[in-house]
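Quick note: the sequence shown, position 568, residue 568 per the UniProt record's numbering, numbers continuous.
Beta carbons are placed, not taken as given, at the ideal position from N, Cα and C, and that holds for glycine.
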Amino acid sequence: TGLSGWDLVAADIATIRQYFDNVKMQLAIWKLPLQEAYDPEDLAVYFNARPHLLLFRALEVSAAFSYLFVWYMFEKSITPLTKREPSSEEENKKMMMKTAEMFKQTVLRLGPTFTKVAQSLSTRSDLIGPETAQVLGDLQDRLPPFPNEMALLLIEQELGRPISEVFSYISEEPVAAASLGQVYRGRTRDGQDVAVKVQRPNIFYSVARDVYILRLGLGLVRKVAGINSDLSVFADEVGKGLYGELDYRLEAQNASAFAVALTPKLPFVVVPRVLRHLTTKKVMTMEWISGTRPVDLRRVAKGQDTGATLELRREATDRLLEMVNKGVQSSLTQLLDVGILHADPHPGNIIYTSDNSIAYLDFGLICRMEKKHQYAMIAATAHLVNGDWSFLVDDLAEMDVVKPGTNRFRLRLALEDSLNGFVVKNGLPDFKFSQIIAKLFGVALKFRFRLPAYYTLILRSIASLEGMALAVDPNFKVFTRTYPFVVNRLLSDNSAPMRRILRTLLLTNKKEFRWNRVASLISITSTEIQLLVHLFILSRPAASNATTSLEPTLCKLLLSSNGASLRRIILEADTKSLARAFVSKEAAPVRLKVAKLLADAFYLHGKKLLQEHASVEIDERSKLSSPIASTRQLQFLLRALVARLQKTPLLLLRAGWTTATVMGWALAAAFHRLAVGMSYTYLEPAPSTRAATA
């Protein structure tokens, strides 16, 4: 009302102009390139403007797996698979091999994202079967390569000069081909042998599209299942990891950080040096490391190599077991100590060198952990093994898994109901990581656990580690190896978070010692240290004399500079309860350990006095243990405890008598060792005499 005809025409023209502007904006979106840095919003803008691409990809994936399913059902229907037939087991095995081969070809056609998933599956022979794992193992570094002409051209384009000006030699064929790139062996102009990794062409778009489809799919699952947790975080973490693997400059930085953090801790870990001046976004040049693939060792150990003798098979088996032990120790150090975790430790990324070292070759996927999450994981492991469910709930909350506002009492009851049946033998957990995850899955759904970004990478790394170890040792259990490592960290780390965890582990609410746990800690530390010494000797044969520095058993730690946390807990404990426990029958193993420890100290002190004042030489064969730093800590502890027990003279008398007995035994043992040492020196026949007698 009140508008003229011209006003209406002008309004129509303005509306049409807005329509055209909107069309121009939509067309402009089509011109936007795919961003090289991972950003979920940019990814959504790019692919929402191209829904047909998502539709075509969804149809392609659906068609591929539908064909695989139809083929499997057809083959199963025409193949007689009855247990009554003598050849049924062999037929089953052949069928599984054929199915695995079809699945491998399917994921190869679908591209690198699906190949990555299949690589992770290939390490879990306990879940998918040994035949399927064997077939999928080829996806780790035996994929079909792309043409050499394209690879060499890309090297020249990235480095900005002809190959002949950079390398004096480069292999005609790739020595390995993975999902995202392939590797050539080369030699630089200055004579250094190198590995040259080249990225597959046009791979970036395929990865971005599949990550966005995964993000949409997880969002749909969240709505259908009514899950409060944002599952798209998992897709974002996968996207960040894959995007990072597509930039070799970031991988070079990861390799340097990994080497700086880990190699000082573990001498048997090798990280190839990256040549930064020959590394770009799509080409990476690093030091060539010679070694044997775990897959090849396993093939020889299982007799699948026709030329392998019985001796070679035994040697391969021994090397595999050593490699697994070192790999586990390395992963635990990464996860619970240095905080930089190799999140993709499948056999294609690891080789075992001739000097018994583990060399990591790929650093595209690295997880960096915060200290609070490391402490929470250490605490969660200790409390899970010992059944401290209330503390376990607190640990999960500290790991950002439990949402704020969750009913912790109900969660504690649910955890106790689900996990209470797991077996602990000799203080060590006797269950697999996959069993714990299966039990926790129901609890996680019921209480709507969150899935932090770092947590998905940790689960992937541990699952790959356990799968690789199970292929060598069917009885391997991650928790059985993790708990001794956790115990040694708790005993030797004097930081406030570690003391708090150790306090909850060893003391009750009434400040009384959990004596059964103290006894188990003694046996656990002894077992773990034997393994550490073994690994150290294998990595440095010439340094066997230095192994004494690797013996922080519970009793030795008590008197060492690293045992401050233990001494503080003893002083915090109820002294009367501690004294009653010390004189009890159950504490006999602990008293024996303490007596042997004191005997070592007395022996070393007596040896020093004899050598200084009497010029007496003592043969070293009488030495049994490593030196003790000082006994002043013991004197301080005893004085503090005696002062607290003065109000209970009878208990003080019993504790004093028991202590005197321990001291007497230690003095007698030390005197015996001194006498034996002197007898080796002064009473043993001379070599010439022994030869004449012989």
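Provide the residue span of the beta strand (DSSP E) that contains residue i, from first to last.
i           : result
L157        : For the sequence presented, residue 157 should be read as Gln rather than Leu. Premise fails: Q157 lies in the alpha helix (DSSP H), 148-159, not in any beta strand (DSSP E).
Q199        : 193-199
E370        : Unbroken run through E370: none, as it is neither H nor E.
A37         : Neither: A37 is in no beta strand (DSSP E) and is coded neither H nor E.
L341        : 340-342
T285        : 283-287
residue 713 : Lying outside 1 to 694, the shown extent of the chain, residue 713 is not represented and no answer is given.
Assuming residue i is part of the alpha helix (DSSP H), what are its boundary residues?
i    : result
E173 : Note, E173: premise wrong, no alpha helix (DSSP H); not H, not E.
L451 : Run containing L451: none; DSSP gives neither H nor E here.
D12  : 5-31
R185 : From DSSP, R185 is part of no alpha helix (DSSP H) but of the beta strand (DSSP E) over 181-188.
R314 : 310-333
L411 : 408-419
V487 : 478-492
E60  : 51-78
A359 : Looking at the DSSP string, A359 is not in any alpha helix (DSSP H); the run it does join, the beta strand (DSSP E), is 358-360.
I569 : 564-572
P112 : 112-122
Since residue i and residue j should fall inside the 8 Å C-beta cutoff, what is the C-beta to C-beta distance between them, to a whole number of angstroms?
i           : j    : result
H373        : Y454 : 7 Å
V194        : R187 : 7 Å
V295        : G137 : 6 Å
V211        : A235 : 6 Å
V283        : Y248 : 7 Å
L297        : L312 : 10 Å between Cβ atoms; not a contact.
L336        : M377 : 6 Å
G219        : L231 : 7 Å
E131        : A100 : 6 Å
L674        : Y603 : 6 Å
V135        : M97  : 6 Å
F513        : L506 : 6 Å
residue 712 : E156 : Past the edges of the chain, shown from 1 to 694, lies residue 712, and the structure says nothing about it.
L34         : A208 : 6 Å
I213        : R460 : The Cβ separation is near 20 Å, so there is no contact.
Could you tell me whether the Cβ atoms of residue i and residue j are closer together than 7 Å?
i    : j    : result
F433 : V478 : yes
V274 : A252 : yes
S565 : L502 : yes
R64  : L108 : At residue 64 the sequence reads Ala, which differs from the Arg that was named. Cβ atoms of A64 and L108: not closer than 7 Å.
Q140 : P347 : yes
G241 : L250 : no
L68  : M102 : yes
A49  : I29  : yes
G303 : Y352 : no
V590 : A655 : no
L419 : K439 : yes
V324 : A469 : yes
V401 : R481 : no
P452 : V385 : no
N254 : I366 : yes
T381 : V486 : yes
Answer with buried or exposed for residue i, where buried requires no fewer than 16 other C-beta atoms within 10 angstroms of its C-beta.
i    : result
H672 : exposed
R84  : Legend: pLDDT at R84 = 45, less than 50; position of this residue unreliable, value from coordinates given subsequently. R84 should be labelled exposed.
Y38  : buried
W6   : exposed
F536 : Below a pLDDT of 50, predicted positions are generally treated as unreliable, and F536, at 42, falls in that range; no measurement from the model is reported.
L413 : exposed
T280 : buried
V9   : exposed
T548 : Unreliable positioning characterises T548 in this predicted model, as indicated by a pLDDT of 36, which lies under 50. A coordinate reading is not provided.
T263 : exposed
H342 : buried
P112 : buried
Y205 : exposed
T115 : buried
Y375 : buried
I128 : buried
Q105 : exposed
(Q) For the segment 575-589 against the segment 644-653, do three or more pairs of beta-carbon atoms, one drawn from each stretch, fall closer than 8 Å, so that the two count as touching? (A) yes
Q. Given 8 Å as the limit, is there contact between the segment 663-677 and the segment 596-611, that is, 3 or more CB pairs closer than that?
A. yes
Q: Inspect the CB distances between the segment 323-342 and the segment 354-365 and report whether three or more fall short of 8 Å.
A: yes
Q | Segment contact flag, the segment 484-499 with the segment 395-408, C-beta cutoff 8 Å, min 3 pairs | A | Under the Cβ criterion (8 Å, minimum of three pairs), the segment 484-499 does not count as touching the segment 395-408.
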